[in-house]
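Down below is the structure, laid out as structure tokens.
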Amino acid sequence: MHFEEDPTAFRPMKVTASKDTPVGFETEPFTKKWTLDKGRIFQPWPKSKTFHNDYPSAHDLNLRAPIEAGCQYLEYMGEFVIKFFGKEYLGAKLSASFLGFVYPEDEVTIKGVVREKVAEGDAVRLTLDISALNQRGENIMVGTASGLVH
Amino acid sequence: MEKSFSYSSCREVIESHLQLMAQQKEKKLTTDNIKIGEEFEPLEFTFTEEDRDMYAWANDDYNPWYMENSPWGGCIGTPTCLAMQTLMQIYGHYGVQQKGINPPGAVVHNKHEYEFINAIKVGKKLRMTGKPVEKYSRRGRDWIVTEHLVVDEDGKEIVRMRVRNAWPIVVQPEEKTS
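Listed in order, the protein sequences are those of chains R and U.
Take the first sequence: its letters are residues 52 to 201, numbered as in the numbering used here.
Take the second sequence: its letters are residues 221 to 398, numbered as in the numbering used here.
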């Protein structure tokens, strides 16, 4: 019998931030799939019906379907920061801008590239550009993260 | 006595404020009503195990630091998990209601910045303060920039956030400006 792997299991990044991380380093990407169920967990449906969890509410705004709440896909950035910087996410800064919508069943892939590396005493500050692309190759969110690595 | 909104959990903040939005009839989120520097009513809530589970299920993120134990002793929340509360703080203050917008007065979340200071520990009481720092009109929308600080029951600063939102969600063609 073939036992399937849990697709939702936690998977740490194989390579995380270190003082040796070079400029241009690309982080291991990870992909998140958004479903209506997840949107309804995140924004308590049916107590509250919004364009994030309810089709008629989305149609009222001329949206073809509910869209993921920005606060929910910000979580992908949070997942990135804590996976890459580990304990040193404390002290880090993150900036994220929303560019596009995430519809039910969309898959969003998060990836970072080290843009800058600056020595600060015994530590180095790594600054990364982060992208979030859907399965159609559209950038739905971009960001930067900066953290001190000892 | 200072007015504040107190809730038992992070989730209750969301549930209560989304319903508050739907019921609100009087106040509006307009640029005229935004007073730069005016403190919002603080939001007080506990980040509970139920909140932790909600974030894990909703985002398929089962980091052992959230679910089992962390280097800081006990479980923690995701770094970014208090974003929704910033919106609820804005909604709670302005009691947003705009005709034709569903949900009433909802905003377009445009940009979110964080400074992670200390871990969000499960079970800790948190207090979020905030205020508007900028407002302007551009490309058919009105914009508000707010800053928020979350402190735990021990007085530790947890996270600072700067958030940019705009409304209305959908700009009608005739409302667009160049």
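Even for Gly, the Cβ is constructed at its ideal location relative to N, Cα and C.
- With three or more CB-CB distances shorter than 8 Å, the region 329–341 of chain U counts as touching the region 366–384 of chain U.
- N289(U) has a beta carbon lying at 9 Å or more from every beta carbon in chain R.
- Counting along the chain, N190(R) sits inside the beta strand (DSSP E) bounded by residues 190–200.
- Interface annotation, P284(U): in contact with chain R, CB-CB separation under 9 Å.
- Annotation: Cβ neighbours of A326(U) in chain R (cutoff 8 Å, chain order): T101, F102.
- Between G163(R) and chain U, the shortest Cβ-Cβ separation is not below 9 Å.
- Exclusion of the five residues before and after A147(R) leaves L125, M128, M192, G194 as the residues of its chain whose Cβ lies within less than 7 Å of its Cβ.
- If you draw a straight line from the Cα of L87(R) to the Cα of K98(R), it is about 15 Å long.
- The beta carbon of K84(R) lies closer than 6 Å to those of E158 in the same chain, with the five residues before and after it left out.
- Put simply, the backbone Cα of H201(R) is about 9 Å away from that of G172(R).
- The Cβ atoms of D362(U) and K341(U) lie no closer than 9 Å to each other.
- The beta carbon of H368(U) is closer than 6 Å to those of T306, M348, G350, M381 in its chain, skipping five residues each way along the sequence.
- Taking the Cα of V164(R) as reference, the smallest distance to any Cα among G121(R), P63(R), G75(R), F54(R) is reached at G75(R).
- A339(U) is positioned such that its CB atom lies no closer than 9 Å to that of G375(U).
- The alpha carbon of I161(R) has as its nearest neighbour, out of R62(R), V132(R), P95(R), T82(R), the alpha carbon of T82(R).
- Residue range 303–314 is occupied by the alpha helix (DSSP H) that includes L307(U).
- Interface annotation for the region 105–118 of chain R against chain U: S108, D111, L112, N113, criterion Cβ-Cβ distance under 7 Å.
- Contact annotation for M64(R) against chain U: no contact, minimum CB-CB distance about 12 Å [criterion: below 7 Å].
- Listed along chain U are Y282, N283, P284, each with a C-beta nearer than 7 Å to that of F61(R).
- The beta carbon of Y154(R) does not come within 9 Å of any beta carbon belonging to chain U, so the residue lies off that interface.
- In terms of beta-carbon proximity, C230(U) stays away from the interface with chain R, with every pair separated by 9 Å or more.
- Taking F152(R) as reference, the option from A183(R), K134(R), P73(R) with the minimal CA-CA separation is A183(R).
- Taking CB atoms only, K168(R) has no neighbour in chain U less than 9 Å away.
- Only G121, C122, Q123, L125, E126, M128, G129, E130, V132, I133, K138 from the region 118–139 of chain R bring a Cβ to less than 7 Å from some Cβ of chain U.
- L199(R) has its alpha-carbon roughly 6 Å from the corresponding atom of V175(R).
- For the set K89(R), I133(R), K70(R), G121(R), the Cα lying nearest the Cα of W277(U) is the one of K89(R).
- From the listed residues P58(R), D71(R), F61(R), the smallest Cα separation to V169(R) is found for D71(R).
- Per DSSP, the continuous alpha helix (DSSP H) segment holding A109(R) begins and ends at 106–111.
- Apart from the 5 residues on each side of it in sequence, E270(U) sits with its Cβ closer than 8 Å to the Cβ of S229, R231 in its chain, given in chain order.
- In this structure, the CA atom of P262(U) is about 15 Å from the CA atom of I378(U).
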